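To keep things clear, I will list the structure first and then write my remarks on it.
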Amino acid sequence: MLVFDWFVLPFTLGLVYLVVTLLVKYFRWVKNLPVDEFAKVKKGVLSTKTFSAIREVFLESLLHRKIFKVNPLLGYMHTSLAFGWFLLILIGNWESRIFYHGHVSPPYVPIFFRFFNPHPVGFKLEAMFSFLMDLTLLVVLSGVTLAWLKRMRSRFFGMKKTTVLHMGDRFALASLWFIFPMRFLAESFTSGAYGGGHFLTANSGAFFAGFLPVESLVYPAWWAYSLALGTFFVALPMSRYMHIPTEIVLIFLRKYGVSEQSIFTSYTQVEINSCSRCGICIDPCQLASSANIRGVQSVYHLQSIRNCAVDNDKSLNCLMCGRCDNVCPVGIDIASIRKANRKQQAAQKENVYRYVPEGNAAKADVIFFAGCMTHLQPSVKKAMTGLLKHAGISYWFMDESGSVCCGRPLMLAGKEAQARELMANNKAKIVASGAKLFVTSCPICYKVFKEEYGLNIEVMHHSEYLLQLVESKKILVNRQDVKAVYHDPCELGRGAGIYAQPRQLLKSVVSLQPVSQDKENALCCGGSLANIKISNPERKMITADAVSVLTANNPDVLVTGCPMCKRTFAQASSVRVLDIAEVLSGALVLKQPTALIKVKNEERLAIQPVLIR
Amino acid sequence: MKHVVVIGGGVAGMEASAKLSEMGVAVSIVEKADKLGGKLNRWDRLFPNSRPASDLLAKLQSGMGKDIRKYVNAEVSSVRQSLKQFDIALSNGEDFKADAILISTGFDVFDAHRKEEYGYGIYDNVITSADLEKTFRKGETLKTASGKKPQRVGIIHCVGSRDEKAGNNYCSKVCCITAVKQAIEIKEQNPEAEVFCFYMDLRMYDRHFETIYKEAQVKHGIQFIRGRLSEAFENADGSVMLKAEDTLLGKPLKINVDMVVLMAGMVPSSGNRVKEQLNLTVAEDGFFNVADAHYESSGTNVPGVFVAGACTGPKTMENTINEARSAALAIKEYLR
Amino acid sequence: MKIEGKKRLWQDYQKEIATDNYFYARSCIRQNFFPASEKTFLRVMREELNKDVYEDPRHTTCSGIVYHSDLVTMDTTMTVIARQFSLMTESGRKNYVPSCITSFGLYTEVLEMWEHFPELETKAREMLWKATGREFEKPENVAHASDIIYKFRNEIASRGKFRLVNHRTGQPLRGVEHIGCHYSKMFPHKGVGGAEYPYVLVGMIEAFGGEVVDYPERRHCCGFGFRQYVVKANRGFSISSSRKKFESMAPYKPDFILTNCPGCPYFLDRWQYAISEMEGVTYGENGYGIPVLTYEELAGLVLGYDPWDLGLQTHQVSVEPLLEKMGIPYNPATKYLGAQGQDLGRPEKPSVLKVY
Amino acid sequence: MNNFGYTITRDRQIDFDKLPRDIYRELCQKEPSVKACISCGTCGATCSAAQFTDFSLRKYILLLRRGDHKEVAQNIDKCMFCGKCQLACPMGVNTRNVIHSIQQIITSNLITLNENAGI
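Chains as they are written, first to last, in this note's numbering: chain B, -1 to 611; chain H, 9 to 344; chain L, 1116 to 1471; chain C, 6 to 124.
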């Protein structure tokens, strides 16, 4: 027998609208994936990846494990809302199913079960279900309270900033906040009027009945509850709450191996719609914490892409340090999206560098490429060439008399076609040299040579190579009585995952001191070439904060492996700033020339160790 | 009591008189205008801090006590050295003996008529920096001859300075910063106006000058074009067409502006009759020679005759005041 | 414009101009360009003003045209000029009047050099003596022929039959003046009114009832520039300069251009045709050009001389519109008849520029 | 039209009143630090592109200030974006965004630019 009342319509219609909208959207997104990516999905669906995806959906979408790791209170808030609501639906369905003896009933029946069956006489499990439902509702309500508090005072959650809301979101947020208090009131009034309920609703029902005409309030309260649900469902696809269902899709696609491309794909749509705008990415952003630059952080950038309202500030005012990528609980590939967005915005031009000569390559085993930034740091150049000569390496200083840029800055600015042109020029020379190893002293260059050039030879950052030389005893070093801290350059650390080698190298010559924020959590120096928009004074604020963190324990020297970071820090630091190559050069032990290593004496003298203190 | 006659009652004369008087020397100050203060009377606000000129004038005036004998509307008509003293006769008939003389006759503003090609005195909307300062001092806003707010103003640096044709090879030192000051003041009065400064070199040598210059560019959008004005032409509507070379681009440039302000430089004061009578030497530029350019900038080739301020070359107010104090000390030492 | 400012300036640039007993030196190129102008000068001086003007048929070029084309040395130029002076000395005159602006500039320049470097004068005397056995005295007064017309502008105006006034409306006609560069740009004090605001032609236009209009490129060279025209490859510089002036003056709608140099009227006149052929642009009213006059032609018109006697039919730009404005009668039938009434033929019609 | 064997050349002069300066105005809005440029030329001296070509940011900023955008439009893409100029600039001009913004503006104004191209 079908139970029905008119008030269920808002909920039912809203739900139908929501389900249809989502199905259409998801179908399109999946269908429109690039051919290769779509093939991955087809291949993955019938594999174990699906199970692993389900597991992750449970852990992340419902339990919000990652948010728990970052911030337990924030995690509880998300879990209580998501998992609590999930349980309400689940337990409600059991209850309804058992009560109606397994009859298939419209979805509104379990939702409004209490309205239709306030105090089901003879339902043996009533007490248990009432208790479970009340308990779950209480959990959800606590989540709502916390959400409300977060909106009022984000500091309460240990967050400096939470996101700023926009119109569609406010609408959805208002209805969401209404849903559970309305359910609570509706169930309380029902209990007050007709009995039923458990520790929460029965007591509150009795309480309300004491001073309110609960009988006449029951019906309006259920209407209000249904309306709130219906409104929320209709508002959801246009609001940030789209992330609730979309994240599930994202998890599946990601498990199947779908990833961001160099341009926007429908997977990007899935990713940006999966952003819950939790705002966790705002706090690690040094633009916000040091330079008070607001409204450009990844959460806003993703939002602006979704709303087709990207401006220069949002896409270009970013250091691309990767600190936000690191913390995103949804695991959105923020950096790739930003790069693709920049590429989409920048004009792709070809044949703009026809003026660059092809250049001659010298035959050598090893290529040393200083890069533009190292050219502005002659001391690094000198240290590197000195070390290479000292080790007796047959090397070719590829950009000794002026460099053709590696292409990374163009890539970061979205000018990919232009970058490819410069890259082709450099690559031809590298191939022609016949070298087996390519070493660069600039992490910015390193990243692009390693990842984008498609070279068949090994590419090393100079810290990796120097470590090799020290370990193979081609360079002998003395330990120095120097306290040093090491700064992880963004492109080398988070960008390329090189944390160990520079540290190991430094430990052989100096006493390396810890830094409060290092490795994955290292700060950006502020000089980043990726940020095209930031002003110099703002850069200086970021640098000053980073320097004060790095030099908090008064080291003798601040060491880094990036000429850009070095220069940026040098302008703000009272502690001496050195490149890792300079440190090594200063700790060199002069060797006697051997038959194997033919180094002229003059060259040897040119690299007299200097005291680095 | 020793007696010093100060010739010229401008900034240098006033400050030196005040200090000499404080040190117990009898001072007579002779000024050809009807009041003391010299060119300071013509300034509205002073660089580099926009302080009112009247404020500095009041400070100088506070030192001009009763003990100092002041002769205004008077010029020295003759001066003769007799032994260690000087016999001085004034145009108003007075005469007296002095133990030392301080010359603080300052400078004249370059007569911009002499740069004929710039059209000063011929074109309706060509004025000098001194004219503009007068407008500001009266509290008026800058208007074209037909009474409109100028939408474009061209400021011409080095008018009568660093110019062999004008007979002045030297730099007048204060015009660059005055140009920047006045350009900003024009923009403050009339933010929509476009202001262009035509310069040969920008000499922002003193403290704060560079800051003001950068502020003029970044905050006020004043444009600096490196190139000297070669000729100006008055259009039918009274606006002025300027021709210069944009030397940084290597291209000639023409621009129509509603008003032109000529940064007239400093030339030696013409009314210096004492020069010949005392056999004082002047340098090629017409300004007085000093005894020792580094060590004795207050002395001259004649013992007992001292100099201070712009009569020994273009300089700023603070330099003039410092020189006046240094001259007072030198005179006191000389009189001992 | 503050006219009193200009007047004040003009006072600084007053030069002495002899009033009689002139030794007249002709221009090389004017006799080809505007042959009637010099004749008109003599006619005005002798017939209207009863002045003594002596011409020696033996006089030559001053050498300025080759000097400015970098073809002769200063020594040659000084010797040639010394010879001109010796002819003047021989005639008993002391007032030298060249017809050509470049000559005027060159005489002035040479005299200034002799002033500052007397050894050069001695050298010039030696060279003249060696070459010709002649001696000379320096002129007491050197004035350009336009200075002389300027000097007697009021007399000419008072004897005149026509004025620079539109005879239908009574409005003054608007003229733009253009002085030759060598008139006062080298020695501002040697020109009436100086270099920046020269008065010599302005004074004439004012005296004859017209109105002078200034235009932005007033000071700019006509473009002749000797080498710039003489070498064909450089001719683009010449016409580009003239075009710059036309573009600048056209908005002011002048009724005529008045000049005092041999080259300027020629190029300002002929280039209007060339530009019209090359670019299809004309600068006067209704597709005509802007009439260009020499100061002698203007004086002749004012005095009521027949336009064809003044050689105005040799102009490329038709002067008829100006004649009509001034109310000067002319006979189109006699325009292309020679002195003896023979038919000289008619010039080809330009394809763009309108002509009478 | 007749060809007499010589040509009329256009004035090289920058006619300030005829040239459009809206591009520079837009540039100032996008990157205000450009106003601080004093044409010292440090950028050109260190420029990676200027090793091989006559790329000069100093000159392009000046040309835009005068409204002469033709040369800028033809050359601005030659920049390698390496950022050396930015590190070298003594006036704190955000040179990379200046170039990026010029490229953006010129791309978005391409049609208008072609219409009144150059002087």
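Just so it is clear, CB atoms sit at the ideal spot from N, CA and C, and this is done for glycine as well. Quick caveat: nothing in here was measured; it's all calculated off a predicted structure.
Item	Value
As assigned by DSSP and simplified to three states, the class of Glu450 (chain B)	coil
Neighbour list for Asn358 (chain B) in chain C, Cβ cutoff strictly below 7 Å	None at all; the shortest Cβ gap to chain C is about 14 Å.
Cβ-based burial, Asn1165 (chain L) [other Cβ within 10 Å; buried from 16]	exposed
Contacting positions in the stretch 1381 to 1409 of chain L - beta carbon closer than 8 Å to chain C	Ala1389, Ile1390, Glu1392, Met1393, Glu1394 and Gly1395
Between the CA atoms of Val298 (chain H) and Arg50 (chain H) - distance to the nearest angstrom	28 Å
Endpoints, alpha helix (DSSP H) assigned at Lys1464 (chain L)	Run containing Lys1464 (chain L): none; DSSP gives neither H nor E here.
Reduced DSSP secondary structure (H/G/I, E/B, other) of Asn552 (chain B)	coil
Own chain, CB closer than 8 Å to Trp175 (chain B), minus 5 neighbours either side, in chain order	Val142, Ala145 and Trp146
Nearest-angstrom Cβ-Cβ length linking Ala1151 (chain L) and Pro1213 (chain L), presumed shorter than 8 Å	Between Pro1213 (chain L) and Ala1151 (chain L) the Cβ distance is about 18 Å, and since that is not below 8 Å, they are no contact.
Which of helix, strand or coil DSSP assigns to Asn315 (chain B)	coil
Straight-line gap, Pro118 (chain B) to Thr46 (chain B) (C-alpha atoms, nearest Å)	44 Å
Alpha-carbon spacing of Val1317 (chain L) relative to Val1327 (chain L), whole angstroms	6 Å
Where Gln590 (chain B) sits in the DSSP three-state scheme	Low confidence applies here, because Gln590 (chain B) scores a pLDDT of 45, under 50, leaving its location unreliable; read the following figure in that light. In the structure shown, Gln590 (chain B) sits in coil (DSSP, three-state: anything other than H, G, I, E or B).
Supposed close pair Leu300 (chain B), Ile335 (chain B) - CB separation, criterion 8 Å	7 Å
Val117 (chain H) and Gly312 (chain H) closer than 9 Å at C-beta	no
Bridge partners - Asn271 (chain B), DSSP secondary structure assignment	In DSSP, Asn271 (chain B) forms no bridge with anything.
Segments of 3+ residues assigned as beta strand (DSSP E) that fall wholly inside the stretch 266 to 310 of chain B	none
Under 9 Å between C-beta atoms of Ser306 (chain H) and Gly16 (chain H)	no
Members of the stretch 42 to 61 of chain C that neighbour chain H once the beta carbon cut-off is set at 7 Å	Ser44
Exposure of Val1346 (chain L), with buried meaning 16 or more beta-carbon neighbours within 10 Å	exposed
Neighbourhood of Pro60 (chain H) by C-beta, 8 Å cutoff - its chain only, sequence neighbours within 5 removed	Asp52, Arg53 and Leu54
Min CB distance Arg15 (chain C) to chain L below 9 Å	yes
Spatially closest choice to Gly1404 (chain L) from L:Phe1361, L:Gly1378, L:Glu1255 and L:Ile1144, by CA coordinates	L:Phe1361
Whole-angstrom distance between Pro1233 (chain L) and Arg1333 (chain L), CA atom to CA atom	37 Å
Rounded separation between Leu32 (chain C) and Phe81 (chain B) - CA only	51 Å
Lys262 (chain H) beta carbon less than 9 Å from that of Leu250 (chain H)	yes
Interface partners of Met1364 (chain L) on chain H, CB under 7 Å	Ordered by position in chain H, no residue passes the 7 Å Cβ test against Met1364 (chain L), which lies about 12 Å from the chain.
Residue span of the beta strand (DSSP E) that contains Thr52 (chain C), given as start and end	According to the sequence as given, residue 52 (chain C) is Cys; it is not Thr. That residue, Cys52 (chain C), is in no beta strand (DSSP E); it is neither H nor E in DSSP.
Contact under 9 Å by Cβ, Thr149 (chain H) with Gln197 (chain H)	yes
Residue from B:Tyr217, B:Val14 and B:Val212 with nearest C-alpha to Phe230 (chain B)	B:Val14
C-beta atoms of Asn529 (chain B) and Met318 (chain B) nearer than 9 Å	yes
Within-9 Å CB hit, Pro25 (chain C) to chain H	no
Proximal residues, the stretch 225 to 253 of chain H versus chain L, C-beta separation under 9 Å	Glu239, Phe241, Glu242, Asn243, Ala244, Gly246, Met249 and Lys251
Counted within 10 angstroms of its Cβ, other Cβ atoms place His228 (chain H) as buried (16 or more) or exposed	buried
First through last residue of the alpha helix (DSSP H) which encompasses Ile109 (chain B)	Tyr106 to Ile109
Cβ neighbour criterion (16 or more within 10 Å) applied to Val33 (chain B)	exposed
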